[in-house]
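Asks: Sharing a structure with you now.
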């Protein structure tokens, strides 16, 4: 599996997710921003990537990645990276 291509997709996908979640975090609080990053922000990231970079899905498909696999793996990585931070914030706030 081409890990470098996946991490490029991960960065590009989460750019839209992170911007939306950061703005939400400023208005609603850090815990809400992280929750949005892990849940609703994924939908924003998907639509943002699909709208601005939809032709890149052909590249990933040619490398052996399906759209479903990419989104599932991004969600798992976000859960691994931001999940413990979210739990710590919930426990201590």
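Numbering (this note's numbering), first residue to last: 3 to 95. Cβ coordinates follow ideal geometry from the N, Cα and C atoms, glycine included. If you're wondering where the values come from, they're calculated on a predicted model, not measured in any experiment.
#1: May I ask which residues mark the beginning and end of the alpha helix (DSSP H) holding residue 80?
#2: For residue 40 versus residue 7, is the C-beta distance shorter than 7 Å?
#3: With a cut-off of 8 Å, do at least 3 Cβ pairs link the region 51–60 to the region 11–19?
#4: For residue 4, does the count of other Cβ atoms within 10 angstroms reach 16, so buried, or fall short, so exposed?
#5: In whole angstroms, what separates the C-alpha of residue 77 from that of residue 45?
Replies: Here's the rundown:
#1: The residue you call residue 80 lines up with position 78 of the chain shown. Here the alpha helix (DSSP H) through residue 80 covers 69–94.
#2: If you number the chain shown from 1, residue 40 lands on position 38. If you number the chain shown from 1, residue 7 lands on position 5. Their beta carbons are not under 7 Å apart, which means residue 40 does not touch residue 7 by this criterion.
#3: yes
#4: Numbered from its first residue, the chain shown carries residue 4 at position 2. The residue is exposed, with fewer than 16 neighbouring Cβ atoms inside 10 Å.
#5: Residue numbering aside, residue 77 sits at position 75 when the chain shown is read from its first letter. Residue numbering aside, residue 45 sits at position 43 when the chain shown is read from its first letter. So the alpha carbons of these two residues sit roughly 10 Å apart.
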